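Here's the structure, in structure tokens; my notes come after.
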Ligand SMILES: [Zn+2]
Ligand SMILES: [Zn+2]
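Residue numbers (the working numbering): 27 to 401.
Encoded structure:
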């Protein structure tokens, strides 16, 4: 039985055909080369970066999205050595070359090889997880992780987002006992909260939703605080409402795309502290910097006193995407359940409901966190 999978000629896939236009279509099952794998998708996470591409049309159609993928290997190319048919695996669609100028500076997300997507279900490679089968190309094979027997495909699909979070945490200079604000307690914010707590950090968790703060407590937040509900789109995260009493913040992680939260963090973080942006992935959001001659066009709402960076030595930094070199640590964290990702998964949609899954992930409800799609 093992080693034999009947592979059909065609499969169902959700094809991106234009802005907010996802269609269930029948497409060919991808062919694989000698150094490649064919994986039957068990589950694929809905990720904010894909939502953005679908809602704003930032890349040309047609494509098949979905990159937080776990499944079973159903076919291996003739020259594949380390994997066999039947292996349950989690996939990574971006892998850095580890040799180029960017990689030598550990700026993996800027590496040209990293920017190539190595998993596809057809069309221009875009992850392909919203389909029944995906082709895993040779250059991303180093990122394929076997899922232990005791763990689920769902846990496997969470490796990629957890990796991005751990990578960001490693960018901060933190000591045990430090106080850190995590603004936003969606699935990503909750992962930050737990990983920081495991490192002996006191986390102040904030969110607009009470239900998420309850979960933040379970994920190890020392303090939680509800921030005011949005009155308008432009001001969805009011800074004046956060009261941290007499203790100071060593760092702040902004896991919501809110400029107000950044502004607030600049005021609250101590001198020499760090403010890390994790959710500001949409281009063209600008800010006015006090003290510069050339003020950029103002779309955003706050002034940043550049002396807070120079004189107060506060660092503003960002983190994007994953770090391939911490993969083992991420696997241990998730598969040992030191970071138990299972409570983060609240919805699982069938493939034909992918558009609804994306919709829910884009406008979360009080009871929704991580949303998955199961072909
Ligand atoms: Zn993702
Ligand atoms: Zn590189």
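For glycine and all other residues, C-beta sits at the position ideal for the given N, C-alpha and C.
The model shown is predicted, which means the values in this text are computed figures rather than measured ones.
Notebook entry, point to check: Which residue or residues does DSSP assign as beta-bridge partners of residue 281?
Noted result: Within the chain shown, the letter at position 255 stands for residue 281. None; residue 281 has no bridge partner.
Check: Quick one: Cα of residue 289 to Cα of residue 221, how far?
Finding: Here residue 289 refers to the residue found at position 263 when the chain shown is read from its first residue. Here residue 221 refers to the residue found at position 195 when the chain shown is read from its first residue. So the two alpha carbons sit approximately 24 Å from each other.
Notebook entry, point to check: Would you say the beta carbon of residue 73 comes nearer than 7 Å to a heavy atom of ligand 1?
Noted result: Against the chain shown, residue 73 aligns to sequence position 47. Checking the Cβ of residue 73 against ligand 1 gives yes.
Next item on the list: Note down the Cα distance separating residue 68 from residue 117, rounded to an integer number of angstroms.
Entry: Here residue 68 corresponds to residue number 42 of the chain shown, with the count starting at 1. Here residue 117 corresponds to residue number 91 of the chain shown, with the count starting at 1. Our two residues, residue 68 and residue 117, have alpha carbons roughly 11 Å apart in a direct line.
Checklist line | Other residues of its chain near residue 344: CB distance less than 8 Å, five sequence neighbours each side excluded | finding: The residue given as residue 344 occupies position 318 in the chain shown. Taken in chain order, the residues that qualify are 302, 303, 304 and 306.
Check: What span of residues does the alpha helix (DSSP H) with residue 239 cover, start to end?
Finding: Sequence index remark: in the chain shown, residue 239 carries index 213 (1-based). Where residue 239 is concerned, the enclosing alpha helix (DSSP H) stretches over 236-244.
Margin query: Does residue 325 pass the burial test, meaning 16 or more other C-beta atoms within 10 Å, or should it be called exposed?
Written below: Here the question's residue 325 lines up with position 299 in the chain shown. Reliability fails at residue 325, whose pLDDT of 49 lies under 50, so the model's placement of it is uncertain and the value that follows must be treated cautiously. Exposed is the call here.
Next item on the list: Look at the Cβ atom of residue 95, then the Cβ atom of residue 188, and state whether they are nearer than 8 Å.
Entry: For the purposes of this step, residue 95 is identified with residue 69 of the chain shown, where counting begins at 1. For the purposes of this step, residue 188 is identified with residue 162 of the chain shown, where counting begins at 1. No. Outside cutoff.
Note to self: Beta-carbon within less than 6 Å of residue 204's beta-carbon, same chain only, minus the 5 sequence neighbours each way: which residues are those?
What the structure shows: As a position in the chain shown, residue 204 is number 178, starting the count at 1. Once the five neighbours on either side are set aside, the close Cβ partners of residue 204 are 227 and 276.
Margin query: Using CA atoms only, rank isn't needed, just tell me which of 384, 372, 252 and 136 is closest to residue 180.
Written below: Mapped onto the chain shown, residue 180 falls at position 154. Among 384, 372, 252 and 136, the Cα nearest to that of residue 180 is on 372.
Note to self: Quick check: residue 65 and residue 100, are their CB atoms within less than 8 Å of each other?
What the structure shows: The sequence position of residue 65 within the chain shown is 39, counting from 1. The sequence position of residue 100 within the chain shown is 74, counting from 1. In this structure, residue 65 sits near residue 100, with a CB-CB distance shorter than 8 Å.
Item checked: Cutoff 6 Å; reference residue 266; Cβ partners in own chain excluding five residues on either side -> Locating residue 266 in the chain shown gives position 240, where the first residue counts as 1. Caution applies to residue 266, whose pLDDT of 46 falls short of 50 and renders its modelled position unreliable; the value that the coordinates give is listed next. Cβ neighbours of residue 266 beyond the five flanking positions: none.
Notebook entry, point to check: residue 37 by DSSP, collapsed to three states: which one?
Noted result: For the purposes of this step, residue 37 is taken as the residue at position 11 of the chain shown. It is a strand residue.
Margin query: I need the boundaries of the beta strand (DSSP E) containing residue 397, first residue and last residue.
Written below: Here residue 397 corresponds to residue number 371 of the chain shown, with the count starting at 1. That run of the beta strand (DSSP E) goes 396-400.
Item checked: Candidates 78, 199 and 44: closest to residue 225 by CA position -> Counted from its first residue, the chain shown places residue 225 at position 199. It is 199.
Note to self: My assumption, with CB atoms under 8 Å, is that residue 248 sits in contact with residue 229. Please give the rounded CB distance.
What the structure shows: By 1-based counting over the chain shown, the position of residue 248 is 222. By 1-based counting over the chain shown, the position of residue 229 is 203. Confirmed, about 6 Å.
Item checked: Nearest to residue 174 (by Cα), restricted to the options 51, 81, 141 and 360 -> The residue labelled residue 174 in the question sits at position 148 within the chain shown. The option with the nearest alpha carbon to residue 174 is 360.
Item checked: Candidates 103, 132 and 197: closest to residue 167 by CA position -> For the purposes of this step, residue 167 is taken as the residue at position 141 of the chain shown. Per the Cα distances, 103.
Notebook entry, point to check: Are the CB atoms of residue 149 and residue 89 nearer to each other than 8 Å?
Noted result: Within the chain shown, the letter at position 123 stands for residue 149. Within the chain shown, the letter at position 63 stands for residue 89. Yes, these two residues count as a Cβ contact at 8 Å.
Item checked: Through-space distance from residue 291 to residue 367, alpha-carbon basis -> The residue given as residue 367 occupies position 341 in the chain shown. The residue given as residue 291 occupies position 265 in the chain shown. Each residue's Cα considered, the two are about 27 Å apart.
Item checked: The alpha helix (DSSP H) enclosing residue 376, as first and last residue numbers -> Walking along the chain shown from the start, residue 376 turns up at place 350. Per DSSP, residue 376 belongs to no alpha helix (DSSP H); it is in the beta strand (DSSP E), 371-376.
Checklist line | Helix, strand or coil at residue 296 according to DSSP, with G and I counted as helix | finding: Here residue 296 corresponds to residue number 270 of the chain shown, with the count starting at 1. Reduced to three states, the DSSP call for residue 296 is strand.
Next item on the list: Grab the span of the beta strand (DSSP E) containing residue 82 for me, first residue to last.
Entry: Position 56 of the chain shown, counted from the first residue, corresponds to residue 82. Per DSSP, residue 82 belongs to no beta strand (DSSP E); it is in the alpha helix (DSSP H), 74-82.
Checklist line | Minimum C-alpha distance to residue 378 - residue among 162, 43, 252 and 50 | finding: Taking the first residue of the chain shown as 1, we reach residue 378 at position 352. The shortest Cα separation from residue 378 among 162, 43, 252 and 50 belongs to 50.
Checklist line | N- and C-terminal bounds of the alpha helix (DSSP H) containing residue 223 | finding: The sequence position of residue 223 within the chain shown is 197, counting from 1. Its alpha helix (DSSP H) spans residues 213-224.
Notebook entry, point to check: What's the C-alpha gap between residue 123 and residue 210?
Noted result: Numbered from its first residue, the chain shown carries residue 123 at position 97. Numbered from its first residue, the chain shown carries residue 210 at position 184. If I take the Cα positions, the gap works out to 33 Å.
Next item on the list: Can you check the region 86-161 for any alpha helix (DSSP H) of at least 4 residues that lies completely inside it and give the ranges in chain order?
Entry: 127-130 and 138-141
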